[in-house]
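Engineer: So the numbering used here is basically just the index in the sequence shown, starting at one, shifted up by 3.
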Amino acid sequence: MAGKGANTSATKGKKKEVKKETGLGLSYKKDENFGEWYSEVVVNGEMIEYYDISGCYILRPWAMSIWEIMQTFFDAEIKKMKIKNCYFPLFVSSGVLQKEKDHIEGFAPEVAWVTKSGESELEMPIAIRPTSETVMYPYFSKWIRGHRDLPLRLNQWCNVVRWEFSNPTPFIRSREFLWQEGHTAFATKEEADTEVLEILELYRRIYEEFLAVPVIKGKKSEHEKFAGGLYTTTVEAFVPNTGRGVQGATSHCLGQNFAKMFEINFENEKGEKCMVWQNSWAYTTRTIGVMVMVHGDDKGLVLPPKVASVQVIVIPVPYKDANTQGIFDACAATVKTLNEAGFRAEADYRDNYSPGWKYSHWEMKGVPLRIEIGPKDLANNQVRAVRRDNSAKSDIPMAGLVEGVKETLDNIQQSLFDVAKQKRDACIQVVNTWEEFAEALGQKKMILAPWCDEEEVEKDVKARTKGEMGAAKSLCTPFDQPELPEGTLCFASGKPAKKWTYWGRSY
Ligand code: 87F
Numbered sequence: 004m005a006g007k008g009a010n011t012s013a014t015k016g017k018k019k020e021v022k023k024e025t026g027l028g029l030s031y032k033k034d035e036n037f038g039e040w041y042s043e044v045v046v047n048g049e050m051i052e053y054y055d056i057s058g059c060y061i062l063r064p065w066a067m068s069i070w071e072i073m074q075t076f077f078d079a080e081i082k083k084m085k086i087k088n089c090y091f092p093l094f095v096s097s098g099v100l101q102k103e104k105d106h107i108e109g110f111a112p113e114v115a116w117v118t119k120s121g122e123s124e125l126e127m128p129i130a131i132r133p134t135s136e137t138v139m140y141p142y143f144s145k146w147i148r149g150h151r152d153l154p155l156r157l158n159q160w161c162n163v164v165r166w167e168f169s170n171p172t173p174f175i176r177s178r179e180f181l182w183q184e185g186h187t188a189f190a191t192k193e194e195a196d197t198e199v200l201e202i203l204e205l206y207r208r209i210y211e212e213f214l215a216v217p218v219i220k221g222k223k224s225e226h227e228k229f230a231g232g233l234y235t236t237t238v239e240a241f242v243p244n245t246g247r248g249v250q251g252a253t254s255h256c257l258g259q260n261f262a263k264m265f266e267i268n269f270e271n272e273k274g275e276k277c278m279v280w281q282n283s284w285a286y287t288t289r290t291i292g293v294m295v296m297v298h299g300d301d302k303g304l305v306l307p308p309k310v311a312s313v314q315v316i317v318i319p320v321p322y323k324d325a326n327t328q329g330i331f332d333a334c335a336a337t338v339k340t341l342n343e344a345g346f347r348a349e350a351d352y353r354d355n356y357s358p359g360w361k362y363s364h365w366e367m368k369g370v371p372l373r374i375e376i377g378p379k380d381l382a383n384n385q386v387r388a389v390r391r392d393n394s395a396k397s398d399i400p401m402a403g404l405v406e407g408v409k410e411t412l413d414n415i416q417q418s419l420f421d422v423a424k425q426k427r428d429a430c431i432q433v434v435n436t437w438e439e440f441a442e443a444l445g446q447k448k449m450i451l452a453p454w455c456d457e458e459e460v461e462k463d464v465k466a467r468t469k470g471e472m473g474a475a476k477s478l479c480t481p482f483d484q485p486e487l488p489e490g491t492l493c494f495a496s497g498k499p500a501k502k503w504t505y506w507g508r509s510y
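Printed below as a string of structure tokens:
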């Protein structure tokens, strides 16, 4: 949808450089070719640039600013909880990395190693952290002596590297990603249990209140939990287009497994030697990918106002011999008023692009609200507002600009969540038998089924659903359990069911 040459130069006689207006818009449709649509939307929306190492991506400012907004929220919340930030090294010695065998087993193929400096081989290869349990816990052991040293609650914002081999996807599965990792130690299991859920609630809020993505809180099965820990809680999102669940973020209670391995002990009030109880928890830049997949459309990204670095884009629409300067001044005044009221607003004054081109450009980038100011708006002392999420247009009087914009942005934020939840809920299918399960899986559903909670049965479900689309697995057992009538049988084994669990294919 290339506009015509935007020769709207106000300065007569001076030759302006007019960039060739390349075609905007996407060549793939979300409903027709989701994979290609996603790759195109993150690149054309200027979030991602592909890099010459497979599985590694450049996070451009448009993506980084979203990460920073979530970071500001989460960081302030964990500080309220007395959790402190720290930074541990990127490199791990092989001895330390392999100290906890059960933990690293299965993950080993994904660990990246540095073996050389210049031309010379290192005496011992050094691993790049895939996660920091083994990096941090030797120092937990050193720093924790008595009960007064507890709780010890640390967090770090950093990158990690996992050399994945299955198909890389920007944000969703990349070989290097950003995250925060929290690592805490307590005197009692009760304190650890409480924190696990407090952190999970923050993760829910990131998804639901910031990214406007509905999630389900629950517990991972024994098969899907973090093997080094006691239990894993999760927020699970769902991508209706692909019918896949996404593990949104996890909060683990590690129990005393690592305490045993790393000898993290303390002396209690009675002078007895005890082992600490530990947690670890993380959310990653994957959050951004889930948001793009859930809200994006055939015009590009759709950003929820709470995370958009530009919430309002103001576009001057000069017309022939209309009062161009007056229009530009009104745009500047609009931006100023909105900025002073705390909104992230900008104007696009570029004179080498037409208004139509700019509309498409900012739609591609997902800016929640566009304000157009033309001669008619100027004359009527109003602005024209166009919503990115549903294209609804309205006139806002200049006198009520701040109130009008606030109401519209709040409405967009809420509406994005409501629409996403409606779509997600329409994909949830309750089943009771294997036949119903197989049919629902074929229809890309997120399946809620009664389950006997046996690991062998879950392995069997995986084996029976293997195919080119990938096997189905348990996503989580929701904390919010529907009633399970006496005598309900497991959908997969026919044994007595113990709980309702979500199943499906996943990322
Ligand atoms: C890949 C290579 C080596 C996941 C890995 O979830 C080790 C690992 O330990 C590994 N991939 N994990 C599990 C990470 C568990 C835990 N770590 C702290 C978290 C939250 C943050």
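All residues carry an ideal CB built from backbone N, CA and C; glycine is no exception. All values derive from a computational prediction rather than experimental measurement.
Assign Val433 to one of two classes, buried (16 or more other C-beta atoms within 10 Å of its C-beta) or exposed (fewer than that).
Structural biologist: Mapped onto the sequence shown, residue 433 falls at position 430. Per the 10 Å Cβ criterion, exposed.
Engineer: Work out the CA separation of Tyr362 and Arg373 for me, nearest whole Å.
Structural biologist: Residue mapping note: residue 373 aligns to position 370 of the sequence shown, counting from 1. Residue mapping note: residue 362 aligns to position 359 of the sequence shown, counting from 1. If I take the Cα positions, the gap works out to 8 angstroms.
Engineer: Out of curiosity, what's the CA-to-CA distance linking Asp152 and Glu194?
Structural biologist: Here residue 152 refers to the residue found at position 149 of the sequence shown. Here residue 194 refers to the residue found at position 191 of the sequence shown. Distance between the alpha carbons of Asp152 and Glu194: 15 angstroms.
Engineer: Suppose contacts are defined by Cβ-Cβ distances below 8 angstroms. Is Met73 in contact with Thr237 by that definition?
Structural biologist: Locating residue 73 in the sequence shown gives position 70, where the first residue counts as 1. Locating residue 237 in the sequence shown gives position 234, where the first residue counts as 1. Contact flag unset, no.
Engineer: For the alpha helix (DSSP H) holding Ile69, just list the boundary residues, first then last.
Structural biologist: For this step, residue 69 is matched to residue 66 along the sequence shown. Here the alpha helix (DSSP H) through Ile69 covers 64-83.
Engineer: Using a threshold of 8 angstroms, state whether the C-beta atoms of Ala475 and Val460 are closer than that.
Structural biologist: Here residue 475 refers to the residue found at position 472 when the sequence shown is read from its first residue. Here residue 460 refers to the residue found at position 457 when the sequence shown is read from its first residue. No, the pair does not count as a contact, with Cβ atoms beyond the cut-off.
Engineer: How would you label Asp398, buried or exposed, when you count the other beta carbons within 10 angstroms and need 16 or more for buried?
Structural biologist: As a position in the sequence shown, residue 398 is number 395, starting the count at 1. Looking at its Cβ environment, which holds fewer than 16 other Cβ atoms inside 10 Å, Asp398 is exposed.
Engineer: Quick test of your reading: Ile202 and Trp284, contact by CB under 8 angstroms. State the CB separation rounded to the nearest angstrom.
Structural biologist: As a first step, residue 202 is located in the sequence shown; it is residue number 199 there, counting from the start. As a first step, residue 284 is located in the sequence shown; it is residue number 281 there, counting from the start. Indeed, because the Cβ distance is near 5 angstroms, the residues count as touching under 8 angstroms.
Engineer: Is any heavy atom in the ligand 87F found nearer than 7 angstroms to the beta carbon of Trp40?
Structural biologist: Taking the first residue of the sequence shown as 1, we reach residue 40 at position 37. No, since every heavy atom of the ligand 87F falls outside the 7 angstroms radius drawn around the Cβ of Trp40.
Engineer: How is Gln446 classed by DSSP in three states: helix, strand or coil?
Structural biologist: As a first step, residue 446 is located in the sequence shown; it is residue number 443 there, counting from the start. Three-state result, Gln446: coil.
Engineer: Is it true that the CB of Trp146 sits closer than 8 angstroms to the CB of Ile129?
Structural biologist: As a working note, residue 129 is residue 126 in the sequence shown. As a working note, residue 146 is residue 143 in the sequence shown. Not in contact: Ile129 and Trp146 (Cβ atoms no closer than 8 angstroms).
Engineer: Answer with buried or exposed for Phe168, where buried requires no fewer than 16 other C-beta atoms within 10 angstroms of its C-beta.
Structural biologist: In the sequence shown, counting from the first residue as 1, residue 168 sits at position 165. By the neighbour-count rule (16 or more Cβ atoms within 10 Å), Phe168 is not buried but exposed.
Engineer: For a test of your reading of the model: does the CB of Val114 fall under 7 angstroms from any non-hydrogen atom of the ligand 87F? Yes or no.
Structural biologist: Residue 114 sits at position 111 when you count from the first residue of the sequence shown. Correct: Val114 has its Cβ closer than 7 angstroms to the ligand 87F.
Engineer: What I want to know is whether the C-beta of Leu209 ends up closer than 7 angstroms to one or more non-hydrogen atoms of the ligand 87F.
Structural biologist: Taking the sequence shown and counting its residues from 1, the one referred to as residue 209 is at position 206. For clarity, residue 209 is Ile in the given sequence; the question names Leu instead. No, since every heavy atom of the ligand 87F falls outside the 7 angstroms radius drawn around the Cβ of Ile209.
Engineer: Using the rule of at least 16 other Cβ atoms within 10 Å of the residue's Cβ for burial, across every protein chain shown, is Arg132 buried or exposed?
Structural biologist: Mapped onto the sequence shown, residue 132 falls at position 129. Looking at its Cβ environment, which holds 16 or more other Cβ atoms inside 10 Å, Arg132 is buried.
Engineer: Could you tell me the alpha carbon to alpha carbon distance between Ala500 and Glu457, rounded to whole angstroms?
Structural biologist: Here residue 500 refers to the residue found at position 497 when the sequence shown is read from its first residue. Here residue 457 refers to the residue found at position 454 when the sequence shown is read from its first residue. If you take the alpha carbons of Ala500 and Glu457, they lie about 10 angstroms apart.
Engineer: Does the Cβ of Met127 have 16 or more other Cβ atoms within 10 Å, making it buried, or fewer, making it exposed?
Structural biologist: Numbered from 1 along the sequence shown, position 124 holds the residue referred to as residue 127. Answer is exposed; the Cβ neighbour count stays below 16.
Engineer: Is Ser144 helix, strand or coil by DSSP?
Structural biologist: Within the sequence shown, numbered from 1, the residue matching residue 144 stands at position 141. Ser144 falls in the helix class under three-state DSSP.
Engineer: What residue range does the beta strand (DSSP E) around Thr253 cover?
Structural biologist: Within the sequence shown, residue 253 is the residue found at index 250, counting from 1. Per DSSP, Thr253 belongs to the beta strand (DSSP E) from 247-258.
Engineer: List, from N- to C-terminal side, the beta strand (DSSP E) runs of 3 residues or more that fit wholly inside the stretch 367-430.
Structural biologist: With a minimum length of 3 residues, the continuous beta strand (DSSP E) runs that stay inside the stretch 367-430 are 372-376, 385-390, 396-400.
Engineer: On the premise that Val44 lies in contact with Gly299, defined as a C-beta separation below 8 angstroms, what is that separation, rounded to the nearest angstrom?
Structural biologist: Numbered from its first residue, the sequence shown carries residue 299 at position 296. Numbered from its first residue, the sequence shown carries residue 44 at position 41. Sure, about 5 angstroms apart at Cβ, within 8 angstroms.
Engineer: Compute the Euclidean distance between the alpha carbons of Thr340 and Phe346, then round it to the nearest angstrom.
Structural biologist: As a first step, residue 340 must be located in the sequence shown, where it is residue number 337. As a first step, residue 346 must be located in the sequence shown, where it is residue number 343. Spanning the two alpha carbons is a distance of roughly 9 angstroms.
Engineer: Identify the continuous alpha helix (DSSP H) that holds Phe41 and give its terminal residues.
Structural biologist: One-based indexing of the sequence shown puts residue 41 at position 38. Per the sequence presented here, residue 41 reads as Tyr, with Phe not at that position. Tyr41 -> alpha helix (DSSP H) spans 37-47.
Engineer: Given Ser68, which residues of its chain have a CB within under 6 angstroms of its CB, disregarding the five upstream and five downstream residues?
Structural biologist: To locate residue 68, count along the sequence shown from 1; it is residue 65. Ser312.
Engineer: Look up Lys498 in the DSSP assignment and say whether it is helix, strand or coil.
Structural biologist: Taking the sequence shown and counting its residues from 1, one reaches residue 498 at position 495. Here Lys498 sits in coil by DSSP.
Engineer: Closer than 8 angstroms by C-beta to Thr187: which residues in its own chain qualify, once you throw out the five before and the five after it? Chain order, please.
Structural biologist: Translated into the one-based positions of the sequence shown, residue 187 becomes position 184. The answer, listed in chain order, is Ile86, Pro154, Leu155, Arg156, Leu157, Ala195, Glu198, Gln281, Asn282, Ser283.
Engineer: Output yes or no for whether 8 angstroms exceeds the beta carbon distance between Thr504 and Ala452.
Structural biologist: As a first step, residue 504 is located in the sequence shown; it is residue number 501 there, counting from the start. As a first step, residue 452 is located in the sequence shown; it is residue number 449 there, counting from the start. Yes; because the gap between Cβ atoms is below 8 angstroms, this pair is in contact.
Engineer: Please tell me whether Tyr206 and Ala252 are closer than 8 angstroms, where the distance is taken between their beta carbons.
Structural biologist: Working through the sequence shown from its first residue, we reach residue 206 at position 203. Working through the sequence shown from its first residue, we reach residue 252 at position 249. Result yes, Cβ atoms of Tyr206 and Ala252 sit closer than 8 angstroms.
Engineer: Does the beta-carbon of Ser224 have 16 or more other beta-carbons within 10 angstroms, so that it is buried, or is it exposed?
Structural biologist: Looking up residue 224 in the sequence shown gives position 221. Classification for Ser224: buried.
Engineer: Are Asn268 and Gln159 closer than 8 angstroms when you measure CB to CB?
Structural biologist: Taking the first residue of the sequence shown as position 1, residue 268 is located at position 265. Taking the first residue of the sequence shown as position 1, residue 159 is located at position 156. In this structure, Gln159 does not lie closer than 8 angstroms to Asn268 by Cβ.
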